[in-house]
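Residue numbers (this note's numbering): 52 to 124.
The beta-carbon is built from N, C-alpha and C at its ideal position, and this holds for glycine as well.
To start, the structure under review is shown below, and the notes come after it.
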Amino acid sequence: MEGRIVTNQQAEELQGVFLDSDTFFNFVQDINDVYFLFLSEQDAIDIATTEYAYLLEIPLSEYIPKPTPPIEN
(Lines of atoms letter the chains of each structure in order from A and count residues from 1; the text may use other names and numbers.)
(Lines give C-alpha, C1' and ligand atoms only; values in the text may rest on other atoms or scores of the structure.)
Protein backbone atom coordinates (compact mmCIF):
# COMPACT_ATOMS: atom_id res chain seq x y z
CA MET A 1 0.00 0.00 0.00
CA GLU A 2 1.26 3.47 -0.80
CA GLY A 3 0.52 6.84 0.73
CA ARG A 4 2.03 10.28 1.13
CA ILE A 5 4.37 10.93 4.05
CA VAL A 6 3.57 14.11 5.94
CA THR A 7 5.33 15.80 8.81
CA ASN A 8 4.06 15.58 12.36
CA GLN A 9 3.19 19.27 12.13
CA GLN A 10 1.16 18.79 8.94
CA ALA A 11 -0.70 15.85 10.47
CA GLU A 12 -1.47 17.79 13.65
CA GLU A 13 -2.64 20.89 11.77
CA LEU A 14 -4.83 19.06 9.24
CA GLN A 15 -6.16 16.12 11.28
CA GLY A 16 -9.95 16.31 11.18
CA VAL A 17 -10.10 19.33 8.86
CA PHE A 18 -13.07 18.98 6.50
CA LEU A 19 -12.57 19.35 2.74
CA ASP A 20 -16.33 19.36 2.23
CA SER A 21 -19.36 18.30 4.24
CA ASP A 22 -18.43 14.60 4.03
CA THR A 23 -14.65 14.38 3.67
CA PHE A 24 -11.95 15.18 6.20
CA PHE A 25 -8.23 14.56 6.59
CA ASN A 26 -7.28 11.52 8.62
CA PHE A 27 -3.65 10.54 9.01
CA VAL A 28 -2.32 7.11 9.93
CA GLN A 29 1.01 6.24 11.53
CA ASP A 30 3.10 3.44 10.11
CA ILE A 31 5.28 0.91 11.92
CA ASN A 32 7.87 3.68 12.51
CA ASP A 33 5.32 6.26 13.75
CA VAL A 34 5.60 8.22 10.49
CA TYR A 35 2.33 9.90 9.45
CA PHE A 36 0.79 8.95 6.11
CA LEU A 37 -2.02 10.47 4.10
CA PHE A 38 -4.11 8.26 1.83
CA LEU A 39 -6.25 9.86 -0.85
CA SER A 40 -8.73 8.24 -3.20
CA GLU A 41 -8.69 9.31 -6.83
CA GLN A 42 -11.78 11.43 -6.13
CA ASP A 43 -10.15 13.02 -3.07
CA ALA A 44 -7.14 14.00 -5.21
CA ILE A 45 -9.43 15.56 -7.80
CA ASP A 46 -11.35 17.41 -5.11
CA ILE A 47 -8.30 18.96 -3.44
CA ALA A 48 -6.42 19.76 -6.67
CA THR A 49 -7.90 23.27 -6.80
CA THR A 50 -7.84 23.99 -3.06
CA GLU A 51 -5.28 25.34 -0.64
CA TYR A 52 -4.36 21.69 0.06
CA ALA A 53 -3.21 20.96 -3.50
CA TYR A 54 0.41 20.98 -2.31
CA LEU A 55 -0.26 17.61 -0.68
CA LEU A 56 -0.55 16.09 -4.15
CA GLU A 57 3.08 17.02 -4.82
CA ILE A 58 4.27 14.65 -2.08
CA PRO A 59 5.51 11.47 -3.75
CA LEU A 60 3.92 8.15 -2.86
CA SER A 61 5.85 5.97 -0.41
CA GLU A 62 5.43 2.43 0.81
CA TYR A 63 3.30 2.17 3.94
CA ILE A 64 3.96 -0.62 6.44
CA PRO A 65 1.22 -0.80 9.08
CA LYS A 66 1.80 -1.31 12.75
CA PRO A 67 1.25 -4.91 13.82
CA THR A 68 -2.16 -5.66 15.21
CA PRO A 69 -1.90 -6.26 18.95
CA PRO A 70 -2.91 -9.74 20.09
CA ILE A 71 -6.43 -10.12 21.43
CA GLU A 72 -6.46 -11.03 25.10
CA ASN A 73 -9.14 -13.36 26.35
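When rounded, the separation of the alpha-carbon atoms in Y86 and N124 is 31 Å. A residue is called buried when at least 16 other Cβ atoms come within 10 angstroms of its Cβ; V68 does not meet this threshold and is exposed. By the CB criterion at 9 Å, L106 and I98 fall inside the cutoff.
When only Cα atoms are considered, P121 and D81 end up about 18 Å apart.
By the Cβ neighbour-count rule, F75 is exposed, with fewer than 16 other Cβ atoms within 10 Å of its own. Contact between I115 and R55 is absent: CB atoms are separated by about 15 Å, not below the 8 Å threshold.
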